[in-house]
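Undergrad: Residue numbers (this note's numbering): 5 to 328.
Where is the CB? At the ideal position from N, CA and C, for every residue including glycine.
These figures come from a predicted structure and were not determined experimentally.
1) Inspect the beta-carbon positions of residue 135 and residue 93 and report whether they are closer than 7 Å.
2) Rounded to whole angstroms, what's the CA-CA distance from residue 325 to residue 283? Just pull it up for me.
3) Only counting the same chain, and skipping five residues up and downstream in sequence, which positions put a Cβ closer than 8 Å to that of residue 293?
4) Look up residue 169 in the DSSP assignment and say whether it is helix, strand or coil.
5) Considering residue 280, what are the terminal residues of the alpha helix (DSSP H) in which it resides?
6) Closest by CA to residue 257, which one among 269, 28, 54 and 86?
7) Between the beta-carbon of residue 26 and the beta-carbon of residue 170, is there less than 7 Å?
8) Would you be able to state if there are at least three C-beta pairs under 8 Å between the region 112 to 119 and the region 57 to 72?
9) Taking 7 Å as the threshold (C-beta atoms), are residue 163 and residue 207 in contact?
10) Are there any heavy atoms of the ligand GDP lying less than 6 Å away from the beta-carbon of residue 243, as far as the coordinates show?
11) Please return the same chain residues whose Cβ sits closer than 7 Å to the Cβ of residue 264, not counting the five positions on each side in sequence.
12) What's the gap between the Cα of residue 306 and the Cα of residue 188?
13) Distance check for residue 128 and residue 191, CA to CA, integer angstroms please.
14) My assumption, with CB atoms under 8 Å, is that residue 202 sits in contact with residue 166. Please give the rounded CB distance.
15) Within the continuous beta strand (DSSP E) that includes residue 253, where are the two ends?
16) Measuring straight from C-alpha to C-alpha, what distance separates residue 75 and residue 227?
17) Give the secondary structure of residue 200 by DSSP, where H, G and I count as helix, E and B as strand, and everything else as coil.
18) Short of 6 Å in beta carbon distance, which residues of its chain neighbour residue 23, apart from the five on each side in sequence? Order them along the chain.
19) Going by alpha carbons, who is nearest to residue 335 out of 46, 60 and 84?
20) Using 8 Å for Cβ pairs, my map puts residue 168 next to residue 280. What's the rounded Cβ distance?
21) Beta carbon of residue 16, beta carbon of residue 249: below 7 Å?
22) For residue 244, does the count of other Cβ atoms within 10 angstroms reach 16, so buried, or fall short, so exposed?
23) With three or more beta-carbon pairs closer than 8 Å as the criterion, would you say the region 88 to 102 touches the region 150 to 158?
24) Around the C-beta of residue 297, are 16 or more other C-beta atoms found within 10 angstroms, so that it is buried, or is it exposed?
25) Cutting at 8 Å between CB atoms, please list the residues of its own chain near residue 18, excluding the five before and the five after it.
26) Enumerate, from N- to C-terminal direction, the unbroken alpha helix (DSSP H) stretches of 4 or more residues contained entirely within the region 210 to 235.
27) Could you tell me how far apart the beta carbons of residue 57 and residue 287 are, in whole angstroms, since I believe they sit closer than 8 Å?
28) Could you please give me the residues that DSSP links to residue 41 through a beta bridge?
29) To the nearest angstrom, report how far apart residue 268 and residue 144 are at their CA atoms.
30) Tell me whether residue 387 sits in a helix, a strand or coil according to DSSP, three-state version.
31) If you draw a straight line from the alpha carbon of residue 139 to that of residue 37, how long is it in whole angstroms?
32) Taking the alpha helix (DSSP H) that residue 160 belongs to, which residues open and close that run?
33) Within a Cβ cutoff of 8 Å, which residues of the same chain sit near residue 44, ignoring the five residues on either side of it in sequence?
34) What residue does the beta strand (DSSP E) around residue 245 start on, and which one ends it?
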């Protein structure tokens, strides 16, 4: 059992801005559910006769683990195991070696890990779990996928950390991940920027390099944004951070994801609707990329265009969060 000093030293206690977001998000969800009990009863589950969510099949084979495989055993900050991110798990070690751990340069390996997680794994909204479970399943939230990237880097001896922030998002993604379910929409619109998003960072050649692995190329195409590369930020492209809310951390803090677990138990139908919408967004993006002649032609054209704007939300009865 960890001591209080170890809990604090490993970053398991939420930072002040994050604590505000977590508390605010939880209160907003509770208020939304209480004020919309009739909607909750109707939307809690999707009728069997309606279209249901079916998880996307994993797009890769799991590499075999061998006890002789090398991996980083350091207890140094940004290399050691943290909450929901254990780089010593067999699935992580095997995958890291498949991607070239201890054979490629740090930058080459981080780029390979970035490309694998970003383009081989699929966004799915569900509660937190271990990195090994995410790798076996092939899907997860942005935080799940970021944790896979970070674990792969740490297994290869590359320091990696989380970057989190309160955010707003582009209209196209708001429409496909928020506006598809009445309860999710009311929760999001009532929060006043309590929504937490994140990305990973790897320490390469003396500097932290950003890696946002959440959206596959198809989702980016559906949103009208460029297909990003290792080192390119989501901020200013499809997310917009609230000033003063950006935080850097070694570990996911205790309590993060609590509201999501609660909503998943109380209204699983809402989660299904969002996940089905994400699948439709991916299919739409595939068509856009095909019509453009491939990812490279699409990306070339997308980078010429001015970036999309964030949606204008009417936030009622909710004070603007202030980060100090």
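TA: Taking the definition as stated:
1) yes
2) With a pLDDT of only 40 at residue 325, under the threshold of 50, the placement of this residue in the model should not be trusted; the figure read from the coordinates follows. The alpha-carbon atoms of residue 325 and residue 283 are separated by roughly 32 Å.
3) 221, 222, 225, 299 and 302
4) strand
5) Per DSSP, residue 280 belongs to the alpha helix (DSSP H) from 272 to 296.
6) 86
7) no
8) no
9) Less than 7 Å divides the Cβ of residue 207 from the Cβ of residue 163.
10) You won't find the ligand GDP in this model; it holds no ligand whatsoever.
11) Hits under 7 Å: 131.
12) Distance between the alpha carbons of residue 306 and residue 188 is about 30 Å.
13) 19 Å
14) 6 Å
15) Element bounds for residue 253: 251 to 253.
16) 38 Å
17) strand
18) none
19) Past the edges of the chain, shown from 5 to 328, lies residue 335, and the structure says nothing about it.
20) With 8 Å as the limit, residue 168 and residue 280 do not qualify as a contact, their Cβ atoms being about 27 Å apart.
21) no
22) buried
23) yes
24) Residue environment analysis places residue 297 among the exposed positions, since fewer than 16 neighbouring C-beta atoms fall within 10 angstroms of its C-beta.
25) 26, 257, 258, 259 and 260, listed in sequence order.
26) 221 to 226
27) Actually they do not touch by this definition, with Cβ atoms about 14 Å apart.
28) Answer is none; residue 41 lacks a bridge partner.
29) Looking at the two C-alpha atoms, the distance is approximately 14 Å.
30) Look at the range of the chain in this structure, 5 to 328, and you will see that residue 387 is not part of it.
31) 33 Å
32) Secondary structure note for residue 160: it is in no alpha helix (DSSP H), with a DSSP letter that is neither H nor E.
33) 37, 187, 270 and 271.
34) 243 to 245
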